[in-house]
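Residue numbering for the sequence shown is 144 to 199, as defined by this note's numbering.
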Amino acid sequence: MRLIVDANIVFSGILNTNSKIGDLLINSKPYFTFIAPGFLRTEIRNHYPRLVKIQG
Numbered sequence: 144m145r146l147i148v149d150a151n152i153v154f155s156g157i158l159n160t161n162s163k164i165g166d167l168l169i170n171s172k173p174y175f176t177f178i179a180p181g182f183l184r185t186e187i188r189n190h191y192p193r194l195v196k197i198q199g
C-alpha cells in the first residue's frame, strides 16, 4: 500500500519518534511505500538546524 506524506507529517515524526505518527513512519517501511512531495528533502535541509535544536 502507498501512503502519501507531507512535510508536516514527516516533521512531526522526526520531532516525536514515540508518537503514533513517528512509530508509523519508522516501523512500517516493510508494509507501506511512502510517497512524499519532491521538495521534502529541501524542506528538511532548510529546517534541519531548527529540528536538531528542538529535538535536543
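By construction, the Cβ of each residue, glycine as well, lies at the ideal position given by its N, Cα and C atoms. Every value quoted in this text rests on a predicted model; they were computed, and no experiment measured them.
Exposed unless 16 or more other CB atoms sit within 10 angstroms - verdict on residue i
i: Val-195; result: exposed
i: Leu-158; result: exposed
Inter-residue Cα distance where the pair is residue i and residue j
i: Gly-156; j: Ile-178; result: 15 angstroms
i: Glu-186; j: Asp-166; result: 21 angstroms
i: Ser-162; j: Leu-168; result: 10 angstroms
i: Ala-150; j: Gly-199; result: 20 angstroms
Contacts around residue i, its chain only, beta-carbon distance under 8 angstroms, and the 5 residues preceding and following it disregarded
i: Ile-197; result: Leu-158
i: Met-144; result: Tyr-174, Phe-175 and Thr-176
Contacts around residue i, its chain only, beta-carbon distance under 7 angstroms, and the 5 residues preceding and following it disregarded
i: Ile-164; result: Ile-152, Ser-155 and Gly-156
Contact belief for residue i with residue j at Cβ below 8 angstroms, rounded distance in angstroms
i: Leu-102; j: Phe-175; result: What is shown of the chain runs 144 to 199, which leaves residue 102 out entirely.
Proximal residues to residue i (C-beta, below 6 angstroms), its chain only, five neighbours per side dropped
i: Pro-173; result: none
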